[in-house]
Amino acid sequence: MADEVQKVRETTTQTPDGRTVQTTRESSNNTAQKEHTQNVAGRVVWYIAGVILVLLAFRFVLSLTGANTTNSFANFIYNTSHPFVSPFFSLFSYKTNYGVSKFEIYTLVAMAVYAVVAWGIAKLFTLNRE
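All letters in the sequence shown, in the order written, are residues 1 to 130 by the UniProt record's numbering.
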């Protein structure tokens with residue numbers, strides 16, 4: 001690769017009479033450091049996407065089972081996941097009737113869209129590796 005730079009540091013230890021006792025050679029490769037940074041960035045993207053997807057999965061299950069919104073856990077999940085699901089409300093008929101068992105197709109669509117977007121962003125970090 002053209003942008004691959006290898007740094008080499010060599011140290012030599014000598015005795016007072018000039019004999020070499022120990023030579024240490026260290027090298028570092030900028031490509032390896034760059035790949036590590038790309039891996040970390042990809043992991044961060046997947047971690048954030050994972051949190052969002054788990055939150056949406058909880059919302060889907062709670063809605064499917066008709067969870068009571070007066071329960072603090074269900075209320076927290078609905079309120080926290082609302083900003084992530086709201087862009088998809090207009091795809092299908094949306095009615096705010098929590099506490100009634102319903103199949104939220106827009107939540108599943110949101111999960112699929114966020115997973116594809118996360119995959120795309122994570123892939124952007126690793127494009128130049130291939």
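Cβ atoms here follow ideal geometry from the backbone N, Cα and C, with glycine treated the same way.
Query raised in the report: What is the DSSP secondary structure of residue 69, reduced to helix, strand or coil?
Result: Residue 69 falls in the coil class under three-state DSSP.
Query raised in the report: For residue 122, which option in 40, 15 and 16 has the closest C-alpha, if you only look at C-alpha atoms?
Result: The shortest Cα separation from residue 122 among 40, 15 and 16 belongs to 40.
**Report entry** With 16 other Cβ atoms within 10 Å as the buried cut-off, status of residue 110
**Finding:** With 16 or more other Cβ atoms within 10 Å, it is buried.
Query raised in the report: Under a three-way DSSP split, which group does residue 13 fall into?
Result: In the displayed model, residue 13 falls within a strand according to three-state DSSP.
Query raised in the report: When you compare only the Cα positions, how much space is there between residue 55 and residue 113?
Result: The alpha-carbon of residue 55 is positioned some 14 angstroms away from that of residue 113.
Query - Run of the alpha helix (DSSP H) containing residue 120, from where it starts to where it stops - result: In the DSSP annotation of this structure, the continuous segment of the alpha helix (DSSP H) that includes residue 120 starts and ends at 105 to 125.
Requested in this report: Identify, in the order they occur along the chain, each residue of the same chain with its Cβ nearer than 7 angstroms to the Cβ of residue 42, setting aside the five sequence neighbours on each side.
Outcome: Here the set comprises 122, 125 and 126.
Query - Best match in 80, 17, 16 and 44 for proximity to residue 118 [C-alpha to C-alpha] - result: When only C-alpha atoms are compared, the closest one is 44.
Report task. Go ahead and label residue 58 buried or exposed: buried means 16 or more other beta carbons lie within 10 angstroms of its beta carbon, across all protein chains shown. Result -> So residue 58 counts as buried.
Requested in this report: Taking only the alpha-carbon atoms, compute the straight-line gap between residue 79 and residue 101 and give it to the nearest angstrom.
Outcome: Residue 79 and residue 101 have their C-alpha atoms some 17 angstroms from each other.
Requested in this report: Note down, in chain order, each residue of its chain lying with its Cβ closer than 7 angstroms to the Cβ of residue 52, except the 5 sequence neighbours on either side.
Outcome: Cβ within range, chain order: 84 and 114.
Report task. With a threshold of 16 other CB atoms inside 10 Å of the CB of residue 62, please say whether the residue is buried or exposed. Result -> The residue is buried, with at least 16 neighbouring Cβ atoms inside 10 Å.
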